[in-house]
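Here's the structure, in C-alpha cells; my notes come after.
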Amino acid sequence: MALAADPADPMQMVALPALVLDTVVAQFPRLPAGRCVDDCVVLMHAYADLGIRAQVRAAVITVTGGGDGEFFVHGALVPQWTGEVFDGHTVLWLPDAGYLVDPTAQQFPEIAEHGSGPILAWADGSGADGGAVRVRLRRGTARVGYSLALAEVGAAVLGHRVARAEAQRNRDRGMNVAATVVETLAELLDPVDAARIPHPRGCALVRAAHGLPCVVDDSGFRRFLVSGPGGQAAVRLDQIPLPSGTAPRAAVSVHE
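Okay, so the sequence shown: first residue is 631 according to our numbering, each after it adds one.
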C-alpha cells in the first residue's frame, strides 16, 4: 500500500523506513521485547538520512480492547534503565511532519491482535516540537492512545551507556534502511514521479539514484555504483553526488 501511494503524498516516505525495518526484524522472531530503543534510534537515523527530522520519545500507551472493553497500559513518561534492561517504551515523533511512528507496537499482544506491523499516525493539529504530545487512533477495533514525554526525557534514555554502546551500529543500520527506501523508490518511480516527492532531500536522493545499481558489500553496507572520471565507485547513501543546494541530512539528538 505504501509503494502504491501517490509520490506526492508525504506519508509514502514516512511509512517506508518503518516498514523496511519491520520486514528485516521479522526474520528474527526471538528479538527481545525491549528492543524499542534500538529500533527507534535506527529509524531516527534513517529519517535523518532522508532529510526528515525525528525524535526518540518516551511514551505511555493505553489500549482499550474491542467489545470487551479491557484496558491496558504500557510504558512510562519517566522510564528507567535497570542495568541493561529498559523499563519503558519509546516511539518516534516527526515534529515537522506531525507523524508518530511506533516501530515495535506489535510487541504488545493487545495491539498485535488487532493488526500486525508498526503504527503510523498523523497527529492532526499537534505542532509540538520538544513538548508533550498526545495522539489517539484506532487499530482494528481497539482504541490506542499515546502520551509522549518531553524530548529531553528521550535524550536522557539515549544517553545511557547501553544505548551509547549501540550508537554506531544503529547509525549504520539506519543508513541501510534509508538506502533500501531510496533504492526501492528509484526503481519504482520514473524521474517525473520522483520529482513529486515532497521531502526535498529524499526527493534528491531518489532522483540521483535512478538507474544506479545497488550492491551489498562484505560489511553489509548497501552501496550504489556511481560512474566517474576514475571509473565506477561503490558509494554509501551519504556519498551519492547531489545537486548543489540540496537540503542537508536532518539533525539528530543522540549521544554518539
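C-beta atoms are modelled at their ideal positions from N, C-alpha and C, and glycine is treated no differently.
Using DSSP with H/G/I as helix, E/B as strand and the rest coil, what is D636? Indexing the sequence shown from 1 puts residue 636 at position 6. Of the three classes helix, strand and coil, the one that applies to D636 here is coil, per DSSP.
Cα-Cα separation between P878 and R803, rounded to whole angstroms: By 1-based counting over the sequence shown, the position of residue 878 is 248. By 1-based counting over the sequence shown, the position of residue 803 is 173. Going from the Cα of P878 to the Cα of R803 covers about 19 Å.
Report the residue from T653, V846, L867 whose alpha carbon sits nearest the alpha carbon of G747. Translated into positions along the sequence shown, residue 747 becomes position 117. Ranking the options by Cα distance to G747, first place goes to T653.
Can you say whether L730 is buried or exposed, counting buried as having 16 or more other CB atoms within 10 angstroms of its CB? Numbered from 1 along the sequence shown, position 100 holds the residue referred to as residue 730. Per the 10 Å Cβ criterion, buried.
Assign A825 to one of three DSSP states: helix, strand, or coil. Here residue 825 refers to the residue found at position 195 when the sequence shown is read from its first residue. Correct three-state label for A825: coil.
Rounded to whole angstroms, what's the CA-CA distance from D848 to N800? Just pull it up for me. Along the sequence shown, read from residue 1 onward, the residue named residue 848 stands at position 218. Along the sequence shown, read from residue 1 onward, the residue named residue 800 stands at position 170. Distance between the alpha carbons of D848 and N800: 18 Å.
In terms of residue numbering, what span does the alpha helix (DSSP H) encompassing L819 cover? One-based indexing of the sequence shown puts residue 819 at position 189. L819 -> no alpha helix (DSSP H), and no H or E assigned at all.
Quick check: what's the CA-CA separation for E740 versus S857? The residue given as residue 740 occupies position 110 in the sequence shown. The residue given as residue 857 occupies position 227 in the sequence shown. C-alpha separation (whole angstroms): 51 Å.
Answer with buried or exposed for A808, where buried requires no fewer than 16 other C-beta atoms within 10 angstroms of its C-beta. Here residue 808 is taken as the residue at index 178 of the sequence shown, counted from 1. With 16 or more Cβ atoms within 10 Å of its Cβ, A808 is classed as buried.
Going straight from the alpha carbon of P873 to that of A834, what length do you get? As a working note, residue 873 is residue 243 in the sequence shown. As a working note, residue 834 is residue 204 in the sequence shown. C-alpha separation (whole angstroms): 8 Å.
If we ignore side chains and look at the alpha-carbon of each, how far apart do V644 and A797 end up? Numbered from its first residue, the sequence shown carries residue 644 at position 14. Numbered from its first residue, the sequence shown carries residue 797 at position 167. Approximately 22 Å between the Cα atoms of the pair.
Assigned exposure category for P843 - 16 Cβ within 10 Å defines buried: If you number the sequence shown from 1, residue 843 lands on position 213. With fewer than 16 other Cβ atoms from the protein chains shown falling within 10 Å of its own Cβ, P843 counts as exposed.
Could you check how far apart the C-beta atoms of R687 and A781 are, in whole angstroms? I think they sit under 8 Å. One-based indexing of the sequence shown puts residue 687 at position 57. One-based indexing of the sequence shown puts residue 781 at position 151. At roughly 7 Å, the Cβ-Cβ gap stays under 8 Å, so R687 and A781 are in contact.
Look at the alpha carbon of T692 and the alpha carbon of V703, and state the distance between them as a whole number of angstroms. Reading the sequence shown from its first residue, position 62 is the one you call residue 692. Reading the sequence shown from its first residue, position 73 is the one you call residue 703. Rounded to whole angstroms, T692 to V703 spans 5 Å at the Cα level.
Given a threshold of 16 other Cβ atoms within 10 Å of its Cβ, counted over all protein chains shown, does C670 qualify as buried or as exposed? Taking the sequence shown and counting its residues from 1, one reaches residue 670 at position 40. Looking at its Cβ environment, which holds 16 or more other Cβ atoms inside 10 Å, C670 is buried.
Inspect the beta-carbon positions of P613 and I827 and report whether they are closer than 8 Å. Given that the chain is displayed from residue 631 to residue 886, the structure contains no residue 613 and the question cannot be resolved.
Does the distance from the CB of H840 to the CB of A864 come in under 8 Å? The residue given as residue 840 occupies position 210 in the sequence shown. The residue given as residue 864 occupies position 234 in the sequence shown. No, the Cβ-Cβ distance between H840 and A864 is not below 8 Å.
Taking the alpha carbon of V792 as the point to measure from, which residue in W711, L680, G761, D868 has its own alpha carbon closest? The residue you call residue 792 lines up with position 162 of the sequence shown. Here the closest residue by C-alpha is W711.
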